[in-house]
């Protein structure tokens, strides 16, 4: 049966089941990203090539604990640990990054962002110190804050490109393969999958502007935006889906932030890490380069997100660049507008958060105006309205 035969047959069946000729208005699903999603796909406009990642297999990253030393191969470090050998280390503290001197057999990555979002500047001294280190990747471009603050997907990626451009202008194109991108993955399963894939496309496009053909190193972590204090088990399910999105999309490293909001324990940290173990060892999704390649749906939204992200990046550049627009407050206002609209959807139940706005246990305690500021990019969880 050809693709042209499938669509009419599918439409006929759905019209019969819904008892109406107007099926598309019923099946159309709104989204705040401005992405056109079809209820049925029989083809894709422009099939994408396989999108590579840097690492052969995705690193499963745990917060360091001495009990995990034997079994875990990649740690995120906030403080110094002696005699860690043959491990992959993601350094999450600028003072620690400053005095660490990796040995030849070590693999060290910096998760230190040199951008000061509040003052709209790059910490040049810190950047130079990090670049002098013998790390695999020296400087982190962190857009996890922007996701957790309520930025749209295309805004997150456009900002990542704009921050990259600022670094290139100061330190030259050779910095592109010294960068690591820290990206928070939210709960919109296929959209988040497409987000990481789209970023690979637009970053590669930017690198080609400098005569290169680079692939971004993506450190993906679970979001805090959709987590709730009162629903730890639900948080655990949400973060598992987020990790799966990241692995399927071809992240180079994944990290699960603690599913117990504001009250981390050794046990909760261990369980958070073991989510990754189950996904990687029982489904093997961490070894694939681009597992969702060929899905008409994912391919189509990947293309749309890439186009919207690149368009917004160009707008940022035409406005004077990321740092200039931060100083003007324009970036903060754009994120604020989207975050508030998203929070309204949560309040109205258009975005469903089990235990919070669907089968809720709690009443509204805080207004949107109390939670967000036009002048500041700050992390806000949806559930804070009800806590």
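In my numbering, the protein residues as written are 10 to 396.
Glycine residues also receive a C-beta, built at the ideal position from the N, C-alpha and C atoms.
Counting along the chain, residue 68 sits inside no alpha helix (DSSP H); it lies in the beta strand (DSSP E) bounded by residues 68-72. Taking C-beta atoms as the reference points, residue 299 and residue 53 fail to come closer than 7 Å.
Between residue 381 and residue 389 a beta carbon distance of about 6 Å is seen, short of the 8 Å cut, so the two are scored as contacting. Taken in chain order, the unbroken stretches of alpha helix (DSSP H) that lie wholly in the region 307-365 and span 4 residues or more are 331-337, 339-357. Here residue 255 really is in contact with residue 205; their C-beta atoms are around 6 Å apart, less than 8 Å. Around the beta-carbon of residue 155, 16 or more other beta-carbon atoms lie within 10 Å, marking it buried.
The beta carbons of residue 331 and residue 137 sit no closer together than 7 Å. Between the region 239-254 and the region 194-204, the count of C-beta pairs closer than 8 Å reaches three or more; the two stretches touch.
A check of alpha carbon separations from residue 316 across 282, 167, 343 identifies 167 as the nearest.
Assigned with DSSP and collapsed to three states, residue 274 falls in coil, not helix or strand. Under the three-state reduction of DSSP output, residue 116 falls in the strand class. In the three-state DSSP reduction, residue 84 falls in the strand class (E or B). When C-beta atoms of the region 267-284 are compared with those of the region 210-218, fewer than three pairs fall below 8 Å, so the two segments do not count as touching.
Taking 3 residues as the shortest admissible run, the region 101-184 contains the following complete beta strand (DSSP E) segments, listed from N- to C-terminal end: 116-119, 148-151.
Selection 75, 89, 159 evaluated against residue 387 yields 159 as nearest (Cα-Cα). If you look at residue 230, you'll find it in the beta strand (DSSP E) that goes 227-231. For residue 124, the CB contacts under 7 Å within the same chain, skipping 5 residues up- and downstream, are 131, 172 in chain order.
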